[in-house]
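Reviewing the structure listed below.
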Amino acid sequence: RSSIDLSKHQTLSVDLKGESGGEIVYIGIKDRNQVDNGGEPKIKVELTNEWKTYTFNLTDFYRAGTTFLERIYIPIEFVFEPTITRDEVIYFRNVQYLP
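If you read the sequence shown in my numbering, its first letter stands for residue 351, the second for the next number, and so on.
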């Protein structure tokens with residue numbers, strides 16, 4: 351798996367909104383050594399129907415003592431839980447990794 355080095359960054363910023371408001375999405379990032387089983391850390395976000403900038407500390411996506419950010423395989427993922435009982439539409443823009 352190819353990867354990118356984001357170790358010089360501290361935060362992930364992304365603009366998000368839901369089509370109706372109330373949509374639930376989980377934001378995650380994954381390094382090249384994590385298996386594709388959904389076990390990576392994710393942050394739950396409940397959206398409104400207006401654009402809002404969300405900023406996440408990158409330390410929330412990995413365990414202390416790892417070199418996770420040196421080998422990012424998936425720089426952002428949007429995960430929907432299978433328990434959701436209705437269609438959800440979300441929009442995103444301006445994905446940025448910031449120092």
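All residues carry an ideal CB built from backbone N, CA and C; glycine is no exception.
Since the model is a prediction, treat every value here as computed from it, not as a measurement.
Can you tell me which of the options puts its alpha carbon nearest to the alpha carbon of residue i?
i: TYR441; options: THR409, ASN399, TYR423 and PHE406; result: ASN399
i: ASN444; options: VAL395, VAL385, LYS394 and TYR404; result: TYR404
i: LYS394; options: ASP386, THR409, GLY378 and GLN384; result: GLY378
i: GLU369; options: TRP401, LEU356 and GLU420; result: TRP401
In whole angstroms, what separates the C-alpha of residue i from that of residue j?
i: GLY389; j: PHE411; result: 11 Å
i: ASP365; j: ASN407; result: 15 Å
i: ASP437; j: PRO425; result: 25 Å
i: ASP355; j: LYS367; result: 28 Å
i: PHE428; j: GLN384; result: 16 Å
i: ARG421; j: GLU431; result: 26 Å
i: SER353; j: TYR423; result: 5 Å
Going by DSSP in three states, residue i sits in which element: helix, strand or coil?
i: GLU427; result: strand
i: ASP410; result: helix
i: GLU373; result: coil
i: ARG421; result: helix
i: GLY378; result: strand
i: THR398; result: coil
How would you label residue i, buried or exposed, when you count the other beta carbons within 10 angstroms and need 16 or more for buried?
i: VAL375; result: buried
i: LYS358; result: exposed
i: ASP381; result: buried
Could you check how far apart the C-beta atoms of residue i and residue j are, in whole angstroms? I think they sit under 8 Å.
i: LEU448; j: THR361; result: 5 Å
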